[in-house]
Structure formats: structure tokens, C-alpha cells
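Peer 1:
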Amino acid sequence: MNKQEIINILSDETKNDWLFKEANRVRKENVGDKVHLRGLIEFSNICKRQCKYCGLRSENKEIERYRILKDEILLYTKNAIDMGYRTIVLQSGEDNFYDTDKMLEIIREIKKHDIALTLSIGEKTYDEFKAFKKAGADRYLLRIETTDKRLYEEMHPNASYENRKQCLYNLKSLGFETGTGCLVGLPNQTIESLADDILFFKELDADMIGIGPFIPHKQTPLKDCAKGDFWLALKVMAITRLCLPDINIPATTAMETLNPNGRIIALQSGANVVMPNVTSKEYRAKYEIYPGKICINENPEQCRGCIEGKIRAIGRTISKEKGFRKG
Ligand code: 5AD
Ligand code: FES
Numbered sequence: 044m045n046k047q048e049i050i051n052i053l054s055d056e057t058k059n060d061w062l063f064k065e066a067n068r069v070r071k072e073n074v075g076d077k078v079h080l081r082g083l084i085e086f087s088n089i090c091k092r093q094c095k096y097c098g099l100r101s102e103n104k105e106i107e108r109y110r111i112l113k114d115e116i117l118l119y120t121k122n123a124i125d126m127g128y129r130t131i132v133l134q135s136g137e138d139n140f141y142d143t144d145k146m147l148e149i150i151r152e153i154k155k156h157d158i159a160l161t162l163s164i165g166e167k168t169y170d171e172f173k174a175f176k177k178a179g180a181d182r183y184l185l186r187i188e189t190t191d192k193r194l195y196e197e198m199h200p201n202a203s204y205e206n207r208k209q210c211l212y213n214l215k216s217l218g219f220e221t222g223t224g225c226l227v228g229l230p231n232q233t234i235e236s237l238a239d240d241i242l243f244f245k246e247l248d249a250d251m252i253g254i255g256p257f258i259p260h261k262q263t264p265l266k267d268c269a270k271g272d273f274w275l276a277l278k279v280m281a282i283t284r285l286c287l288p289d290i291n292i293p294a295t296t297a298m299e300t301l302n303p304n305g306r307i308i309a310l311q312s313g314a315n316v317v318m319p320n321v322t323s324k325e326y327r328a329k330y331e332i333y334p335g336k337i338c339i340n341e342n343p344e345q346c347r348g349c350i351e352g353k354i355r356a357i358g359r360t361i362s363k364e365k366g367f368r369k370g
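Note that this note's numbering has the sequence shown beginning at 44, numbered continuously upward.
Right under this line is the structure:
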């Protein structure tokens, strides 16, 4: 699909049903009916950055900050493995407390288990990425957020669009399964730039793509902006499946925040991954990237049971594999 074709589909509401069915068919043909579960550990909500949309931004003084230390991370990991998870995702704000040495220790400990490990801890130097890889990390998530350079710089004070892109190419060249993605519905974001986002995923040959609607957070500069559209986010995701047929695409939590059946709708429109939280209840509400986050009153066992029930109800099953990109 070229840019104009993507724009046409994104702006034509009459093609939605066709698009979602087609993305579902391409998903089934290329990655099958199994759904990969990734156990998510949000281990620190401390962040040095000021992304204008994000509730974890350093200027938000109202949020109660926390850090989960190594031993507790390992406890959640062990518990997740006992529940059948084959991938752990470590996510945090950009928190300097976890320097390279601390991260390497955590990575090595987790990788003593026979599971895949994904990191989602922000922009790092080439050498840091290289050390993480050598210690055993398999995958890395770093959303580009938007490929519209002007909008990127508007949304991310003191950040460089070029550096973010470079990080992604560095991750790829180091052999990480590399995940990226975008927000849908940022103020002044255009359909054209969403088409560019999808073309960028293709150009990078991303292995995983996470797409979610923007949800305004009260303690951010974007508090009065309109929220993103669930269906538009779903369309961007579905077109991404058509353009990159064999990659892993999560049904994102932000989608479920805007639509009570969002993750299941996504799983039937091109997605093949879900990332349930595997930490204890006490941290969930505090990792408030955006308001209305799901599962803040559940524990890991409840989420595991809940999501399995929903997946089975649509005739799909949970994968027992680590779930690397097939390709
Ligand atoms: N609404 C929706 N998604 C958000 N993210 C950050 N803030 C918001 C928000 N207000 C997403 C970003 C980030 C991911 C971890 O969460 O895309 O990469
Ligand atoms: Fe957490 Fe459904 S996945 S309650």
C-alpha cells in the first residue's frame, strides 16, 4: 500500500468493515490463532522527561512515585512464569536510578529462566543497548509516537526526533526484536502523518507495533484536548497488519480504556498479542500514563483468568511459545 492508498482507507468510513475483516484474515494466515501473552511489570513510574501527553512526566508533582527493586521484580517474574507466561516485559519511565549495571543484573537474573525478555525503558545509548542485548534481553519497545517531526518536537520538550529514530535503528542493528508504534489522536495530528507512521514501521521493518488512542490526562498540558478516536486507532492498527503481515501486534490497554471490549475487538481486527499486568495491585493505579487504566483493582491471577476467558470466548487459544516474530 502506498501513502495515498493508506490515506484513502483512513478517511473512508465505508471501508471499515472490509478493513477489519481483511486484517483479521491476514493475521490468521500469517501468525495463526494463538494469542501471545506478555507479562508486564511497570517497575518505576519515575521519569526525567516531559512528554506533554503523559501522566508520568517529571513536572507532574501530584502523582505518587514508586520504584520496584530487583528482588520484587524477580518475585513477579517467577509468579508470572508459574501462571504460564513465556515473556516478561519490563517497563518504566526514564529513571536514572536504574543505571546500566542495575539493569544488567536484573536482565541476567530474569534470563536464568527459559523465557523471553522485553525492555521498554526509553532512549539509551548504543553501548547501553548493546550491553542489554549481551546480557540476554531479546526485545525492546520504543514507540516513535509520531513521525511528524514538528509534532514530535512540540509533544516532547528537550527531546530529539532524530535520536529517537536512531535508537530504533540501533536496536534493529543489534539484533533486538524491535517494537515501536504511535499514538492516534494527538492534537494537530493529521491523517497524512498517520500514513507516514505506518510507512515508517514498514521502512524500519519493525517486529512489533503497538498503537493506541491518545487519552488526555488532567495533570498534563494536554488536559483540555480531545481524546483520540478508538475506531481510527483500530484502523491504523489494521492497516499496519496488512503492511506487515507477520509481525506481533498487541491489543493495547489504551484501546480497552476507550472501549470496554477494545482488546477483543482489536484481536479480531489484526492483533495477536495481549500484555496483562503481572505486578501486585498497589502499583497499578500509580502507573497512570493516562486516566481510566484498566485492571487497577485486579491482581495478576485475576487478569490471567479474565483474559484467558475472553480469548477462549472468541475461539482463540493462548500460545505456550515465547512468541518471537515468525517471518
Ligand atoms: N494516552 C495514551 N497513551 C499514552 N502513552 C503515554 N501517554 C499517553 C496518553 N495520555 C503511551 C505512549 C507510550 C506508552 C508507554 O504509553 O505511546 O509510548
Ligand atoms: Fe485484567 Fe481483565 S485483564 S481484569
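All residues carry an ideal CB built from backbone N, CA and C; glycine is no exception.
If we require 4 or more residues per run, which alpha helix (DSSP H) segments fall completely within the segment 154-240?
Peer 2: Those alpha helix (DSSP H) runs which fall completely within the segment 154-240 and span 4+ residues are 169-178, 192-198, 204-216.
Peer 1: For proline 343 and isoleucine 131, I'd like the C-alpha separation in whole angstroms.
Peer 2: One-based indexing of the sequence shown puts residue 343 at position 300. One-based indexing of the sequence shown puts residue 131 at position 88. In a straight line, the C-alpha of proline 343 is about 13 Å away from that of isoleucine 131.
Peer 1: Using beta carbons (cut-off 7 Å, strictly below), is lysine 363 in contact with chain B?
Peer 2: Going by chain labels, chain B is absent from the structure shown, which holds only one protein chain.
Peer 1: Quick check on this structure: which residue in Val69, Tyr333, Tyr109 has the alpha carbon closest to the alpha carbon of glutamate 325?
Peer 2: Locating residue 325 in the sequence shown gives position 282, where the first residue counts as 1. With distances taken between Cα atoms, glutamate 325 lies closest to Tyr109.
Peer 1: Kindly examine ligand 1 and report whether one of its heavy atoms sits closer than 6 Å to the Cβ of isoleucine 307.
Peer 2: Locating residue 307 in the sequence shown gives position 264, where the first residue counts as 1. Every heavy atom of ligand 1 is 6 Å or more from the Cβ of isoleucine 307, so no.
Peer 1: What separation, rounded to the nearest whole angstrom, lies between the Cα atoms of serine 87 and lysine 363?
Peer 2: Here residue 87 refers to the residue found at position 44 when the sequence shown is read from its first residue. Here residue 363 refers to the residue found at position 320 when the sequence shown is read from its first residue. Their backbone Cα atoms lie some 28 Å apart in a straight line.
Peer 1: Between the C-alpha atoms of arginine 327 and glycine 313, what's the straight-line distance to the nearest angstrom?
Peer 2: The residue labelled residue 327 in the question sits at position 284 within the sequence shown. The residue labelled residue 313 in the question sits at position 270 within the sequence shown. Straight-line Cα distance between these residues: approximately 27 Å.
Peer 1: Our contact map puts glycine 82 next to threonine 263 with C-beta atoms below 8 Å; I'd like the distance itself, whole angstroms only.
Peer 2: Position 39 of the sequence shown, counting from 1, holds the residue named residue 82. Position 220 of the sequence shown, counting from 1, holds the residue named residue 263. Wrong, their Cβ atoms sit about 28 Å apart, outside the cutoff.
Peer 1: Among Leu310, Gln232, Gly165, which one has its Cα closest to the Cα of leucine 214?
Peer 2: Mapped onto the sequence shown, residue 214 falls at position 171. Measuring from the Cα of leucine 214, the nearest candidate turns out to be Gly165.
Peer 1: Assuming the contact rule is C-beta atoms closer than 8 Å, phenylalanine 172 and leucine 217 should be a hit. Round their C-beta distance to whole Å, please.
Peer 2: One-based indexing of the sequence shown puts residue 172 at position 129. One-based indexing of the sequence shown puts residue 217 at position 174. Their Cβ separation, rounded to whole angstroms, is 5 Å, which keeps phenylalanine 172 and leucine 217 in contact under 8 Å.
Peer 1: If you compare alpha carbons, which of Lys121, Lys329, Leu226 is closest to phenylalanine 273?
Peer 2: One-based indexing of the sequence shown puts residue 273 at position 230. Among Lys121, Lys329, Leu226, the Cα nearest to that of phenylalanine 273 belongs to Leu226.
Peer 1: With a threshold of 8 Å on Cβ separation, who are the neighbours of asparagine 231 within its own chain once the five nearest residues in sequence on each side are excluded?
Peer 2: Start at 1 with the first residue of the sequence shown, and residue 231 comes out as number 188. So the list reads Leu194, Glu197, once near-sequence residues are dropped.
Peer 1: Give, in chain order, every unbroken run of the alpha helix (DSSP H) that is at least 4 residues long and sits entirely within the segment 294-339.
Peer 2: If we require 4 residues or more, the alpha helix (DSSP H) runs fully inside the segment 294-339 come out as 296-301, 305-310, 324-327.
Peer 1: Would you list the residues whose beta-carbon is nearer than 6 Å to any heavy atom of ligand 1, in the order they occur in the chain?
Peer 2: Result: Tyr96, Cys97, Arg186, Glu188, Leu226, Gly255, Phe257, Ile258, His260, Ala297, Ile332, Tyr333.
Peer 1: For my contact list, proline 259 and methionine 298 are in at a C-beta cut-off of 8 Å; report their separation, rounded to the angstrom.
Peer 2: In the sequence shown, residue 259 corresponds to position 216, counting from 1. In the sequence shown, residue 298 corresponds to position 255, counting from 1. Not a contact, Cβ separation roughly 16 Å.
Peer 1: Suppose the cutoff is 6 Å on Cβ atoms and the five residues either side in sequence are ignored; what does the same chain contact list for leucine 275 look like?
Peer 2: What you label residue 275 is simply residue 232 of the sequence shown in a count that begins at 1. Around leucine 275: Val227.
Peer 1: Just to confirm, are cysteine 338 and asparagine 315 a CB contact at a threshold of 7 Å?
Peer 2: As a position in the sequence shown, residue 338 is number 295, starting the count at 1. As a position in the sequence shown, residue 315 is number 272, starting the count at 1. No, the Cβ-Cβ distance between cysteine 338 and asparagine 315 is not below 7 Å.
Peer 1: Which same chain residues end up closer than 8 Å to serine 236 when comparing Cβ atoms and leaving out the 5 residues on each side of it in sequence?
Peer 2: Against the sequence shown, residue 236 aligns to sequence position 193. Answer for serine 236: Thr189, Thr190, Asp191, Leu194, listed in chain order.
Peer 1: Tell me, please, which residues DSSP counts as bridged to leucine 133.
Peer 2: Position 90 of the sequence shown, counted from the first residue, corresponds to residue 133. Ile84, Leu162, per the DSSP bridge assignment.
Peer 1: Report the rounded CA-to-CA distance for isoleucine 20 versus isoleucine 361, giving the unit in angstroms.
Peer 2: There is no way to answer for residue 20, as the model of the chain reaches only from 44 to 370.
Peer 1: Could you give the uninterrupted runs of the alpha helix (DSSP H) lying entirely in the segment 59-103, keeping only those of 4 residues or more?
Peer 2: You should have 59-74.
Peer 1: From the DSSP output, read off the bridge partner residues of arginine 368.
Peer 2: Residue mapping note: residue 368 aligns to position 325 of the sequence shown, counting from 1. Answer by DSSP bridge pairing: none, since arginine 368 is not bridged.
Peer 1: Just curious, the alpha helix (DSSP H) that proline 343 is in, first and last residue?
Peer 2: Here the question's residue 343 lines up with position 300 in the sequence shown. Note, proline 343: alpha helix (DSSP H), 343-356.
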